[in-house]
Amino acid sequence: MGLKLHVLDLGSLSVDINMIIPGTVIAHPADPNPKGQIIQIPIAAHLIEHPEGNVLYDTGCNPECMGPDGRWSPEFQKLFPYHGTEECQLPARLEALGYGPDDIRHVVLSHLHNDHAGCVEFFKKSQVIVHQDEFSAALRQYALRNSGSYVWKDTDAWLKSELNWRLLEPDEGDRHLVDGVKILNFGAGHASGMLGLQVSLRSRPGVLLVSDACYNKTIYGPPTRMAGFTTDANGFLRTIHRVRSLAEETGYEVWFGHDREQFASLTKSTEGFYE
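Letter by letter, the sequence shown follows residues 7 to 281 of the numbering used here.
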């Protein structure tokens, strides 16, 4: 099989903890105005070097997301400010490993929110794989000029880039991608259509990359807790149940979308890789 899995550190976002784990800070009669809590959550992508063609899972934020002329709206920049040096940008992380966008055969997008699909436009020679319902949701918001959790300027750039899209339908099930890598078709939950990856490794247990299908270990449980942002509550809970069952069945490790402690423990692309 001969694959290598690289963890790409793409910076972080500052967010209110209640947007990640609801009810962490709440008011009560003895403390009617509790102080809010802002936390830093990591942003990641994953590169799989593979003899059949390299695979990239998610693309992080656009390098031009912040600032007066940034991709993100002023409201987005205020709610979820991005933090990251130039070396944390996806193009730089790939370049440090000896790759450019044209060297990626498949780009698998967990979903199309601001911190996961910001660099899609760079991959003009790749097959860009996303859930059909998620693609439709992003285009709907684009047409209505009401970006919601999607970035209007990002979507505009995708549409002008003539990308090679591959849309996974809701009833299509999981899909073999390359030897040792399977796309997990989760469906609606955190977003309108979520995709994960099941990655087999030789020297250690494999990995389930689930992105925002489950933010962190606290949400995962048990018991499972509802996340701060969810499009389909039933789908969200169903997905976590499925991930847990798959992890128990395979012995694979679940890598969450924004778990600070777990991410700190992982070997980053600047330090090594998993195989």
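Even for Gly, the Cβ is constructed at its ideal location relative to N, Cα and C.
Source: prediction; values computed, not measured.
Proximity below 8 Å, CB of residue i to CB of residue j
| i | j | result |
| --- | --- | --- |
| Val134 | Leu103 | no |
| Glu277 | Lys10 | no |
| Phe4 | Ile110 | Absent from the structure is residue 4, since the part of the chain shown begins at 7 and ends at 281. |
| Arg231 | Ile47 | no |
| Leu207 | Val216 | no |
| Asp177 | Lys188 | no |
| Gly59 | His112 | yes |
| Leu173 | Gln138 | yes |
| His117 | Asp218 | yes |
| Ala163 | Glu127 | yes |
Three-state class that DSSP yields for residue i in the structure shown
| i | result |
| --- | --- |
| Met232 | coil |
| Val249 | helix |
| Trp171 | strand |
| Gly241 | helix |
| Val126 | helix |
| Asp160 | helix |
| Asn191 | strand |
| Tyr221 | coil |
| Pro48 | strand |
| Leu19 | strand |
| Gln95 | coil |
| Ile26 | helix |
| Arg181 | strand |
| Gln43 | coil |
| Leu207 | coil |
| Glu70 | coil |
| Leu118 | coil |
| Pro176 | coil |
| Asp265 | coil |
Per DSSP, the bridge partner or partners of residue i
| i | result |
| --- | --- |
| Val61 | Ile54, His112 |
| Asp37 | His34 |
| Lys10 | Glu55 |
| Gly202 | Leu190 |
| Val260 | Leu214 |
| Tyr280 | Leu11 |
| Tyr105 | Paired residue(s): none; Tyr105 is not in a bridge. |
| Gln133 | His112, Asn170 |
| His89 | Ser18 |
Proximity to residue i [Cα-Cα], best of the options
| i | options | result |
| --- | --- | --- |
| Asp265 | Tyr226, His247, Asn120, Ser275 | Tyr226 |
| Gly186 | Phe262, His56, Ala33 | His56 |
| Met200 | Met72, Val136, Glu93, Lys274 | Val136 |
| Thr236 | His119, Asp160, Cys67 | His119 |
| Pro211 | Val157, Leu252, Thr224 | Leu252 |
| Arg248 | Thr224, Lys274, Gly202 | Gly202 |
| Leu53 | Gly195, Val157, Leu100, Pro40 | Leu100 |
| Pro80 | Gly154, Ser132, Ile32, Met25 | Gly154 |
| Gly263 | Gly73, Gly241, His196 | His196 |
| Ala194 | Phe242, Ser167, Thr65, Lys159 | Phe242 |
| Gln43 | Leu165, Arg146, Val31, Val114 | Val31 |
| Thr256 | His34, Gln204, Glu93 | Gln204 |
| His182 | Val114, Gly66, Glu259 | Val114 |
| Thr65 | Ala51, Asp160, Gly73, Glu254 | Ala51 |
| Asn191 | Arg151, Ala163, Asp162, Ile246 | Ile246 |
| Lys223 | Ser167, Glu254, Gln268 | Gln268 |
| Pro69 | Asp37, Phe82, Pro40, Pro97 | Pro97 |
| Ala239 | Thr273, Ser198, Pro228 | Ser198 |
| Leu85 | Pro228, Phe279, Asn24, Tyr258 | Asn24 |
| Asp22 | Glu259, Gly234, Val260 | Gly234 |
| Arg244 | Ala144, Cys220, Trp261 | Cys220 |
| Cys94 | Cys67, Pro228, Tyr156 | Cys67 |
Integer-rounded CB distance, given that residue j should sit under 8 Å from residue i
| i | j | result |
| --- | --- | --- |
| Ile45 | Gly17 | With a Cβ gap of about 14 Å, Ile45 and Gly17 do not count as contacting. |
| Leu14 | Ser271 | Contact doesn't hold; Cβ gap of about 16 Å is too wide. |
| Lys131 | Asp108 | 5 Å |
| Pro87 | Ser167 | About 26 Å; that fails the 8 Å criterion. |
Residue-level contact to chain D via CB, residue i, 8 Å cutoff
| i | result |
| --- | --- |
| Ile54 | Although the question refers to chain D, the structure presented lacks it and comprises just one protein chain. |
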